[in-house]
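To keep things clear, I will list the structure first and then write my remarks on it.
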Amino acid sequence: MVSSISRRHVLAVVAALALAGTGRAMAQNSPLNRYMATWNALAGGEVLGHREIAALVDDPAAMADGPVDLGRFSGARPHLDVLYDAIALQIHNVLDPQAKGLPAIEDRGQVFAWSWSYTGRAAILLWTVSGQERFRTLFVDAARRIMALRDDRTGRKDEVAGRVVKSWGAPWPVHGATKRITDVTVTGLVSLPIAVFANALPRNDPLADEFAAHIHDLSQGLWEFDHLFAVMKGGREGYYRSWLSPQTFEAQNHVHALAAAGTEIYRVTGDRKLMGRLELLWNGFRRVSIQDERGAAYWAYIPDPFSKRPATPEAFWKAAVTLEFPLACQRAGILVSEADMAAFARIYSENVLLSDETYNDLIGLRGPASTHRWDALPASAELESLLPFIHRGLWFATYEPSLKPRLTSLLRRFPHRFPNGLLASPFGLLARAALWAELP
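When we follow the numbering used here, the leftmost residue of the sequence shown carries the number -14, and every step to the right adds one.
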């Protein structure tokens, strides 16, 4: 068994597999390979012909005038063939039993959470906006395999719970030993794309019954962690306690991964019990959230409803997951208000994108320790792998219209900070899909 696999490990391995083309016999002249080769050639200062560049972007006419440098190429929307190849490659790799650097395929809960959750939704988004069936087929085939790998199908146990849990397990360090565990984060993130797809299907779709059955199975997984759920404040607020340290609360972004999946499942089922749970979680989140003098919301990584001290703000890459819940609520038309969404938007416009030259690691508390220049060397390899999550701000551009041009300009002005045009990053692919779809 791999000793443990965290988000950092997943992002590093998935990127390496994507760049190597591991597990897939891609022709050397495939759209993705040509895109990657072009990106690297431009990064090395080579001058390339317009014809070969134009074939790799969605709007060739935009490349017709003047020289094409790396920034101009990175800022352009990749051709759908490129995006399809990139998504298909990443999905193939995480489902490849022989993939190097990953646990056994039955133990890839963390891998599916930090890769499939985003690449799956990228496929859904590009299917819905382009109408191309290849994206739908890619998603459906992968979703079936991932559902078949859930622990209640494979019989694999959670070694801490001592039983089979309706989730996807993975190795994790537990008090000095590696054990196979399940948690709310993985349960939520892996379920989320499947639930989103179920909501995208018309009622008369040939797949509607199949995905209704998946929704039933996923809904059972939502309740697997009830022994950790605590209701407080006169029955109005709910929080999950940490499975590893039950005296503390589970991280906000972990809980919201589960809540986002629950919200998408509620859209299908209308289950009042589930709605009650979502209301408790939303009220708990509202209690521990703060609005600063700029009108931006922020909160701590670990919620503490009893704390009297100001919260140390969460990092923006963790907040990208925390915000899955309000985004799902907005799609469902429940709980979140327009004022809430505006406060979330201002996280990015005010506290993360500090200026055209600088950004903040945190969603609040702007200071020298958390402020970085875009033109500087990365503070760490880990931070560099997490930078694509800054594009979560795209989903809030309706409330802060400056966000879309500010975020897209980063790809043009600082392409080296987003290697390979975001195509080796799972969340980067979701961001690329959002840009292709011209969200909002």
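Ideal Cβ placement from N, Cα and C applies to all residues, glycine included.
Close-in-space but distant-in-sequence residues of the same chain around residue i (CB under 7 Å, 5 per side omitted)
| i | result |
| --- | --- |
| A(-3) | S370 |
| L134 | I90, E91 and W153 |
| K303 | N238 and Y286 |
| F214 | G223 and Y225 |
| D137 | V149 and K151 |
| V240 | V169, Y225 and L266 |
For residue i, three-class secondary structure by DSSP
| i | result |
| --- | --- |
| G318 | coil |
| L41 | coil |
| H357 | strand |
| G255 | coil |
| E222 | strand |
| F412 | helix |
| W208 | coil |
| Q276 | strand |
| I348 | coil |
| V(-1) | helix |
| A193 | helix |
| A300 | strand |
| Y283 | strand |
| D289 | coil |
| D143 | strand |
| R188 | coil |
| T170 | helix |
| F214 | strand |
| A382 | coil |
| V240 | helix |
| K389 | helix |
| W153 | coil |
| F399 | coil |
| P158 | strand |
| P63 | strand |
Classification of residue i by the beta-carbon crowding that lies within 10 angstroms, buried from 16 upward
| i | result |
| --- | --- |
| S322 | exposed |
| A354 | exposed |
| R130 | exposed |
| R148 | exposed |
| Q232 | exposed |
| K167 | The residue you asked about is not Lys; residue 167 is Thr in the sequence shown. By the neighbour-count rule (16 or more Cβ atoms within 10 Å), T167 is buried. |
| R331 | buried |
| E118 | exposed |
| H160 | exposed |
| G223 | buried |
| A155 | buried |
| W37 | For clarity, residue 37 is Glu in the given sequence; the question names Trp instead. Per the 10 Å Cβ criterion, exposed. |
| L362 | exposed |
| A193 | exposed |
| P386 | exposed |
| D277 | buried |
| P191 | exposed |
| A10 | Low confidence applies here, because A10 scores a pLDDT of 47, under 50, leaving its location unreliable; read the following figure in that light. Exposed. |
| E342 | exposed |
| H357 | buried |
| W228 | buried |
Nonlocal neighbours in the same chain, by C-beta distance under 8 Å from residue i, ignoring five residues either side
| i | result |
| --- | --- |
| I319 | T248, Y251, M260 and L263 |
| G8 | With a pLDDT of 40 at G8, under the threshold of 50, the modelled position of this residue cannot be trusted; read the value that follows with caution. So the qualifying residues of the chain are L2, H77, N78, D81, Q83 and A84. |
| P390 | none |
| E299 | Q237, N238, Y283, W284, A285, Y286, T307, L347 and I348 |
| A22 | none |
| R271 | none |
Supposed close pair residue i, residue j - CB separation, criterion 8 Å
| i | j | result |
| --- | --- | --- |
| L415 | R106 | 6 Å |
| G94 | V(-1) | Rounded, the Cβ-Cβ distance is 14 Å, inconsistent with contact. |
| L17 | L74 | 7 Å |
| I72 | T104 | 5 Å |
| V169 | F120 | About 29 Å separates the two Cβ atoms, so there is no contact after all. |
| A296 | A328 | At roughly 15 Å, the Cβ-Cβ gap does not stay under 8 Å, so A296 and A328 are not in contact. |
| G206 | K258 | 15 Å between Cβ atoms; not a contact. |
| R62 | E367 | Rounded, the Cβ-Cβ distance is 28 Å, inconsistent with contact. |
| L243 | G173 | 4 Å |
| L392 | F403 | In fact, because the Cβ distance is near 10 Å, the residues do not count as touching under 8 Å. |
Residues near residue i in its chain [Cβ-Cβ closer than 6 Å; skip 5 each side]
| i | result |
| --- | --- |
| G183 | As written in the sequence, residue 183 is Ala, which differs from the Gly given in the question. Here the set comprises F196, I200 and V253. |
| P400 | L55, G56 and S59 |
| A418 | A107, L110 and L111 |
| Y333 | G378 and L388 |
| A128 | I179 |
CB contact check: residue i to chain C, cutoff 9 Å
| i | result |
| --- | --- |
| E91 | The question asks about chain C, but that chain is absent: this structure has only one protein chain. |
Quick one: any contact between the region 92 to 102 and the region 23 to 37, if contact means 3 or more CB pairs under 8 Å? The region 92 to 102, when compared against the region 23 to 37, does not touch it at the 8 Å Cβ threshold.
Validate contact between the region 64 to 76 and the region 87 to 95 using beta carbons, cut 8 Å, 3 pairs: The answer is no - the region 87 to 95 does not touch the region 64 to 76, with fewer than three Cβ pairs under 8 Å.
At least 3 beta-carbon pairs within less than 8 Å: the region 235 to 242 vs the region 193 to 208: no
How do the region 369 to 384 and the region 38 to 50 stand: do at least 3 beta-carbon pairs fall below 8 Å, yes or no? Counting C-beta pairs with one atom in each stretch, the region 369 to 384 and the region 38 to 50 have fewer than three that are closer than 8 Å, which means they do not touch.
Is it the case that the region 338 to 350 contacts the region 404 to 416, given that we only count it when at least three CB pairs across the two stretches are under 8 Å? Flag = no, the region 404 to 416 and the region 338 to 350 do not touch.
At least three beta-carbon pairs within less than 8 Å, the region 218 to 234 to the region 281 to 291: yes
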